[in-house]
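The opening position of the sequence shown corresponds to residue 182 in the numbering used here, with each subsequent residue numbered one higher. In what follows, a single structure is set out as structure tokens and then discussed.
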Amino acid sequence: MTPASHQTLPKTGMETDQLLYHLQSLKAEDVRWQDGKAFSLVYYPGKEKSDMIKAAYNLYFSENGLNPTVFPSLRQLEAEVVSITANLLNGTAETTGSMTSGGTESILMALKTAREWATIHKPTVRHPEVILPISAHPAFQKACHYFGLKGVIIPVGKNFRVDITAVKNAITPNTIMLVGSAPSYPQGVIDPISELSNLALELDVLLHVDACVGGFMLPFVRKLGYPVPNFDFTLEGVTSISADVHKYGYAAKGASVILYRTAALRKHQFFVYTDWPGGIYGSPTMTGTRPGGAIAGAWAALNGIGEDGYLELAKSAMETTQKLQKGINDISGLAVLGKPDMSLFSFVSTGKLDIYQIGDEMSLEGWSIDRQQLPPCLHLTVSAPHAAVADLFLNNLELSVQKVNRFSWHKISTKVQVGAVKGLQKVLPEKAFNKLQTMSSKASTATQKRTAAMYGMMGALTGTGTLHDLVIDFMDKLNGRK
Ligand SMILES: *Cc1c(COP(=O)(O)O)cnc(C)c1O
182 MTPASHQTLP
192 KTGMETDQLL
202 YHLQSLKAED
212 VRWQDGKAFS
222 LVYYPGKEKS
232 DMIKAAYNLY
242 FSENGLNPTV
252 FPSLRQLEAE
262 VVSITANLLN
272 GTAETTGSMT
282 SGGTESILMA
292 LKTAREWATI
302 HKPTVRHPEV
312 ILPISAHPAF
322 QKACHYFGLK
332 GVIIPVGKNF
342 RVDITAVKNA
352 ITPNTIMLVG
362 SAPSYPQGVI
372 DPISELSNLA
382 LELDVLLHVD
392 ACVGGFMLPF
402 VRKLGYPVPN
412 FDFTLEGVTS
422 ISADVHKYGY
432 AAKGASVILY
442 RTAALRKHQF
452 FVYTDWPGGI
462 YGSPTMTGTR
472 PGGAIAGAWA
482 ALNGIGEDGY
492 LELAKSAMET
502 TQKLQKGIND
512 ISGLAVLGKP
522 DMSLFSFVST
532 GKLDIYQIGD
542 EMSLEGWSID
552 RQQLPPCLHL
562 TVSAPHAAVA
572 DLFLNNLELS
582 VQKVNRFSWH
592 KISTKVQVGA
602 VKGLQKVLPE
612 KAFNKLQTMS
622 SKASTATQKR
632 TAAMYGMMGA
642 LTGTGTLHDL
652 VIDFMDKLNG
662 RK
């Protein structure tokens with residue numbers, strides 16, 4: 182039975198049973214992450230730990246971290262999460278930070294802090310610039326966009342790590358901050374942080390290390406004996422680090438940590454307004470109200486999983502990663518890109534096959550895999566639940582490659598669709614999009630699930646202004662009212 186839709190507020194509230202049943206049936210359409218079918222969006226530490234984190238979250242369901250004097254317990258939990266993170270990442274006694282709602286907010290805070298820092302320490306800078314590897318997360322571009330900074334994009338080398346010579350060449354008197362990732366999301370490699378650190382010290386600029394995905398993994402990966410280059414506060418030039426507890430920290434969503442080498446630097450992050458009739462208002466991060474549950478959930482994850490638990494989860498993720506990488510490299514026509522440092526990586530088609538079509542075949546088997554571009558590749562973020570499905574994954578992948586090989590008409594239909602959309606470049610984006618939608622609605626369900634055409638089109642349109650408009654239009658249709 183298709184559940185009824187709910188477009189207006191019901192006159193009387195629904196019965197609990199009925200309401201939960203409705204949610205369960207809606208959820209049944211989502212990816213089966215419990216079966217290890219999702220990559221990158223869900224991090225699951227197993228039922229026991231997950232239930233414990235949920236219980237802690239529920240205990241603080243109503244509490245608000247906005248005013249720490251009213252909820253001193255939340256203040257303490259946050260301080261302890263920050264301390265644990267600072268210790269894991271070799272902070273000094275002076276290192277401090279804040280909890281935020283996620284990696285994006287942590288990065289926004291680091292760049293806002295850099296801007297304020299520059300007004301005092303680089304008073305001659307009028308148009309501040311931040312040096313960004315092209316592999317850096319889009320949150321940095323978002324921060325530049327929000328805070329009026331200029332993001333200067335630097336290419337990566339053949340190994341997908343930022344090209345340090347290109348970084349040096351991009352430095353101007355307006356440079357206020359360098360950025361490196363540990364590791365970067367697209368290919369899972371760590372940028373040459375130690376060289377960036379030396380450069381930052383030499384130039385007297387800030388250096389942010391984005392350890393959003395690596396912060397709660399790399400310390401354990403290193404302890405397991407895998408080679409991990411220095412990337413944290415051990416390096417003198419590193420002035421801030423972002424690390425997401427809601428990724429490999431396995432906490433509830435809405436939990437990240439932004440750390441600063443010194444408290445003096447963090448002060449630039451705070452916002453204060455003293456002239457409001459509602460009282461003197463101080464807020465440490467972007468958000469006003471701060472959910473107590475996310476703070477308690479992060480605290481519970483760190484203390485409830487502990488070092489041994491994280492080592493075990495990391496060991497499983499790393500062994501599964503190696504198994505998957507070997508299996509993928511063994512499939513003729515596929516290859517892993519670069520030498521990933523952790524448990525996320527991407528792979529390409531080395532021959533004539535369209536990697537996006539291979540991704541589409543995997544989607545039809547229920548796998549949710551990220552599509553990437555520049556170059557076209559598929560991306561996996563591996564965590565503990567994938568151990569049980571690695572063989573199935575490789576098996577499905579090999580079959581998918583065979584299918585794409587056989588059904589070359591897919592290629593033709595993609596080419597036709599790309600061609601059609603390319604021809605529409607000159608007309609309104611709305612029309613282009615409608616056309617695309619009509620084409621896919623006429624196709625079978627299986628074809629509807631295939632995104633190769635969409636990505637082929639994106640590839641074809643990259644570099645024109647049209648793609649931007651097309652994506653905005655797509656988001657408009659995806660978000661909001663039915
Ligand atoms: C996930 C991620 C981010 C952004 O974090 P959100 O929690 O999604 O806002 C930033 N950088 C890297 C490397 C990431 O993997």
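Note that CB positions come from ideal geometry on N, CA and C, so glycine has one too. Note that the coordinates shown come from a computational prediction; the quantities given were computed from them, not determined experimentally.
Beta-carbon proximity of residue i to residue j, cut-off 9 Å
| i | j | result |
| --- | --- | --- |
| His389 | Val343 | no |
| Ala479 | Ala436 | yes |
| Tyr431 | Ile234 | yes |
| Thr468 | Ser282 | yes |
| Ala392 | Ala433 | no |
| Tyr366 | His318 | yes |
| Lys305 | Pro364 | Looking at the sequence provided, one finds Thr at residue 305 rather than Lys. Not a contact, by the Cβ cut-off of 9 Å. |
| Val585 | Asp535 | yes |
| Val223 | Gly547 | no |
| Ala475 | Met280 | yes |
| Gly278 | Leu416 | no |
| Ile371 | Phe412 | yes |
| Ala324 | Pro309 | no |
| Pro226 | Ala565 | yes |
| Leu505 | Ala571 | yes |
| Ser530 | Leu515 | yes |
| Thr273 | Phe414 | yes |
| Thr263 | Val438 | Residue 263 is actually Val in this sequence, not Thr. A contact, by the Cβ cut-off of 9 Å. |
Among the options, nearest to residue i - alpha-carbon criterion
| i | options | result |
| --- | --- | --- |
| Leu446 | Ala295, Glu229, Asn239 and Val263 | Ala295 |
| Thr285 | Ser316, Arg256 and Gln322 | Gln322 |
| Ile499 | Phe526, Glu196, Gln583 and Thr193 | In the sequence on display, residue 499 carries Met and not Ile. It is Phe526. |
| Gly463 | Ser231, Asn248 and Ala237 | Asn248 |
| Ser231 | Gly485, Thr455 and Val348 | Gly485 |
| Thr470 | Asn660, Tyr454, Gly406 and Glu244 | Glu244 |
| Gly532 | Ala482, Cys558 and Leu505 | Cys558 |
| Lys331 | Glu196, Leu313 and Phe397 | Leu313 |
| Ile315 | Gly338, Ser497 and Asp413 | Gly338 |
| Ser549 | Ser581, Ser221, Ile461 and Pro191 | Ser221 |
| Pro400 | Met543, Ser524 and Arg256 | Ser524 |
| Pro472 | Val582, Phe414 and Leu258 | Leu258 |
| Phe328 | Leu292, Glu229 and Leu207 | Leu292 |
| Asn239 | Thr466, Ala477 and Gly395 | Ala477 |
| Tyr241 | Thr193, Arg256, Lys228 and Met358 | Arg256 |
| Trp214 | Pro458, Lys349 and Lys228 | Lys228 |
| Phe451 | Val438, Ile461 and Thr466 | Thr466 |
| Asp489 | Gln503, Val262, Leu405 and Pro458 | Leu405 |
Identity of the residues DSSP links to residue i by a beta bridge
| i | result |
| --- | --- |
| Met467 | DSSP lists no partner for Met467. |
| Ala299 | None; Ala299 has no bridge partner. |
| Arg442 | Answer is none; Arg442 lacks a bridge partner. |
| Met358 | Val311 and Leu387 |
| Pro472 | Asn245 |
| His560 | Ser527 and Asp551 |
| Tyr454 | Tyr462 |
| Lys331 | Glu310 |
| Leu515 | Ser530 |
Contacts around residue i, its chain only, beta-carbon distance under 7 Å, and the 5 residues preceding and following it disregarded
| i | result |
| --- | --- |
| His567 | Gly217 and Thr501 |
| Leu200 | none |
| Glu542 | Ser581, Lys584 and Val585 |
| Ile334 | Leu313 and Ile315 |
| Gly395 | Ala363, Pro364 and Met523 |
| Val409 | Leu399, Val402, Arg403 and Asp522 |
| Ala219 | Val212 and Ser549 |
| Pro336 | Ile315, Asp344 and Ala347 |
Spatial neighbours of residue i in its chain, beta-carbon cut-off 6 Å, leaving aside the 5 residues before and after
| i | result |
| --- | --- |
| Ala320 | Thr285 and Ile288 |
| Val419 | Ser378, Leu388 and Val390 |
| Glu297 | His449 |
| His560 | Ser527, Asp551 and Gln553 |
| Ala482 | Ile234, Gly430, Tyr431 and Ala432 |
| Val453 | Gly463 |
| Gln368 | Phe341, Leu518, Gly519 and Ser527 |
| Glu275 | Thr443 |
| Lys428 | Tyr224 and Val394 |
Own chain residues within Cβ distance below 8 Å of residue i, not counting five before or after
| i | result |
| --- | --- |
| Lys345 | Note on residue identity: the sequence assigns Ile, not Lys, to residue 345. Counting only Cβ-Cβ distances below 8 Å, and skipping sequence neighbours, we find Pro373, Glu376, Leu377 and Leu380. |
| Gln618 | Note that Gln618 has pLDDT 49, beneath the 50 cutoff, so the model's placement of it is unreliable and the number below is only indicative. Excluding positions up to five away in sequence, the list is empty. |
| Arg307 | Asn355 |
How about the stretch 263 to 281 and the stretch 505 to 514: do they share at least three Cβ pairs that are nearer than 8 Å? no
Would the stretch 377 to 389 count as touching the stretch 565 to 584 if we require 3 or more Cβ pairs under 8 Å? no
Within the chosen definition, does the stretch 251 to 258 reach the stretch 402 to 421 through at least 3 CB pairs nearer than 8 Å? At 8 Å Cβ cutoff, the stretches do not touch.
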